[in-house]
Amino acid sequence: MDKKLILISNDDSVEAPGLHFLIDCVKEFGEVWAVAPAEQKSGQSSSLTINMPVRIKEFPGYEGARVFSVTGTPVDCVKLAMHTILPRRPDLVLAGINHGSNAGNAVIYSGTMGAVFEGCMDGIPSIGYSLLHHSLAADFSECRPLVKDITAKVLAGGLPDGICLNVNFPAKVKIEGMKVVRAARSRWTEEYQEYTDPFGKPFYMLTGRQINEEEGNPETDLYWLPRNYATIVPCAALQNAPDADIDLLRDRLL
Numbered sequence: 003m004d005k006k007l008i009l010i011s012n013d014d015s016v017e018a019p020g021l022h023f024l025i026d027c028v029k030e031f032g033e034v035w036a037v038a039p040a041e042q043k044s045g046q047s048s049s050l051t052i053n054m055p056v057r058i059k060e061f062p063g064y065e066g067a068r069v070f071s072v073t074g075t076p077v078d079c080v081k082l083a084m085h086t087i088l089p090r091r092p093d094l095v096l097a098g099i100n101h102g103s104n105a106g107n108a109v110i111y112s113g114t115m116g117a118v119f120e121g122c123m124d125g126i127p128s129i130g131y132s133l134l135h136h137s138l139a140a141d142f143s144e145c146r147p148l149v150k151d152i153t154a155k156v157l158a159g160g161l162p163d164g165i166c167l168n169v170n171f172p173a174k175v176k177i178e179g180m181k182v183v184r185a186a187r188s189r190w191t192e193e194y195q196e197y198t199d200p201f202g203k204p205f206y207m208l209t210g211r212q213i214n215e216e217e218g219n220p221e222t223d224l225y226w227l228p229r230n231y232a233t234i235v236p237c238a239a240l241q242n243a244p245d246a247d248i249d250l251l252r253d254r255l256l
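Using this note's numbering, read the sequence shown as starting at 3 and increasing by one per residue.
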């Protein structure tokens, strides 16, 4: 019981290279259990599987970790892990390493961060790791020392109540260092592309690009990532409006 129990999930599936790399990075810190979606579940945010059966399958272990798939979302994975699969409550929840960015407002849509928020809401220190490269052949090697450093420090010191971490790494570069910042205000444009099927009927595919509304602001993640720095963004799993705004709306609406 003195050995730390680490739960790892993701949204890229149980067979994603980023999941295996993360297991390899943190296996020295404790007993690792990985519970991840059976299939790719990017963009699922904090969604749950409702009115459908969810099934669990154990895979061969990897680097000493026990590995399970769940036919549901990343949040399903965390919930089932804690209520059905794990031998006890985990000391740490990790998600990733995600294949693709979760910087700026992408944190809202991310299945990876959905798993992190779920752990955080259950009072467990939780961290999401992402690499700004979508390829399954992405090189994660530059992330290794930073993942180890952040994970070790959070295991040792914990996190403030209600706070989790969204960590993003630049890709295809030497990482210059780390910055603790906030998420840049951003939005997506040209979000759907229209196509025509063989029967002449239109259909749509998600596309678009992220627009940074705070260009040049060094207090944000989207400023430092193109400058080859990893970013650590503290996030609140549950965040209320400031008291002044609540009072204003109370006067306006009631």
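Each residue gets a CB set at the ideal place from its N, CA and C atoms; glycine is no exception. As the structure is a computational prediction, the values presented were derived from the model and not from experiment.
Pairwise C-alpha distance: residue j and residue i
i, j, result
"Pro-172", "Ile-58", "34 Å"
"Leu-138", "Leu-251", "47 Å"
"Ile-213", "Thr-191", "7 Å"
"Glu-215", "Gly-63", "44 Å"
"Ala-158", "Met-54", "39 Å"
"Ile-248", "Arg-90", "39 Å"
"Asp-26", "Leu-7", "15 Å"
"Asn-230", "Asp-223", "11 Å"
"Met-115", "Asp-199", "34 Å"
"Pro-228", "Gly-98", "21 Å"
"Ala-243", "His-101", "32 Å"
"Pro-162", "Gln-241", "14 Å"
"Val-175", "Ala-140", "12 Å"
"Leu-88", "Val-77", "15 Å"
"Gly-20", "Lys-150", "14 Å"
"Asp-13", "Lys-43", "5 Å"
"Glu-30", "Val-16", "21 Å"
"Pro-236", "Ala-154", "17 Å"
"Gly-160", "Arg-254", "40 Å"
"Leu-133", "Ser-103", "6 Å"
"Ser-112", "Tyr-131", "11 Å"
"Pro-147", "Leu-256", "53 Å"
"Phe-23", "Ala-246", "45 Å"
Beta-carbon proximity list for residue i, same chain, < 6 Å, skipping 5 on both sides
i, result
"His-135", "Ala-173"
"Ala-83", "Leu-9, Val-37"
"Gly-144", "Strictly speaking, residue 144 in this sequence is Glu, with Gly absent from that position. Taken in chain order, the residues that qualify are Ile-177."
"Phe-61", "Val-69"
"Asn-219", "Tyr-225"
"Val-95", "Leu-9, Gly-121, Ile-126, Ser-128"
"Gly-45", "Tyr-111"
"Tyr-197", "Phe-205"
"Ser-47", "Tyr-111, Gly-116"
"Ala-232", "Leu-148, Phe-171, Ile-177, Met-180"
Neighbourhood of residue i by C-beta distance below 8 Å, restricted to the same chain and skipping five residues each side
i, result
"Thr-86", "Ile-58"
"Ile-258", "In the structure as shown, the chain starts at 3 and stops at 256, and residue 258 therefore has no counterpart that could be examined."
"Asp-93", "Lys-6, Leu-7, Ile-8, Gly-32, Ile-126, Pro-127, Leu-157"
"Arg-211", "Trp-190, Thr-191, Glu-192"
"Val-28", "Ile-8, Ile-10, Val-34, Leu-96, Val-149, Lys-150, Thr-153"
"Gly-66", "Lys-29, Val-34"
Neighbourhood of residue i by C-beta, 7 Å cutoff - its chain only, sequence neighbours within 5 removed
i, result
"Ala-239", "Phe-119, Cys-122, Met-123, Gly-164, Cys-166"
"Cys-79", "Ser-11, Val-37, Ala-38, Pro-39, Val-72, Ala-117"
"Glu-221", "Val-183, Arg-184"
"Glu-41", "Ser-15"
Paired residues, beta bridge with residue i - DSSP
i, result
"Arg-187", "DSSP output for Arg-187 lists no bridge partner at all."
"Ala-239", "Looking at the DSSP assignment, Ala-239 forms no beta bridge with any residue, so it has no partner."
"Tyr-131", "Val-169"
"Gln-212", "Trp-190"
"Ser-71", "Ala-38, Lys-59"
"Leu-7", "Glu-33"
"Tyr-197", "Phe-205"
"Ala-140", "In the DSSP output, where bridge partners are listed per residue, Ala-140 has none listed."
"Met-180", "Ala-232"
"Thr-222", "Arg-184"
Proximity test, residue i beta-carbon vs the ligand FMN heavy atom, cut-off 8 Å
i, result
"Pro-19", "With respect to the ligand FMN, the structure offers nothing, as it holds no ligand at all."
**OP:** Specify whether the segment 154-166 and the segment 201-220 touch according to this definition: at least 3 beta carbon pairs, one from each stretch, less than 8 Å apart.
**Re:** With fewer than three CB-CB distances shorter than 8 Å, the segment 154-166 does not count as touching the segment 201-220.
Original post:
Enumerated in chain order, which unbroken segments of the beta strand (DSSP E) with a length of 3 residues or greater are wholly contained in the segment 76-110?
Top reply: 94-101
Original post:
Okay, do the segment 66-80 and the segment 30-47 touch, 3+ Cβ pairs below 8 Å being the bar?
Top reply: The answer is yes - the segment 30-47 touches the segment 66-80, with three or more Cβ pairs under 8 Å.
Original post:
Pairing CB atoms from the segment 102-113 with CB atoms from the segment 187-201, are three or more of them under 8 Å?
Top reply: The segment 102-113, when compared against the segment 187-201, does touch it at the 8 Å Cβ threshold.
Subject >> Ranges of the alpha helix (DSSP H) found wholly within the segment 9-35, counting only runs of at least 4 >> reply: 19-28
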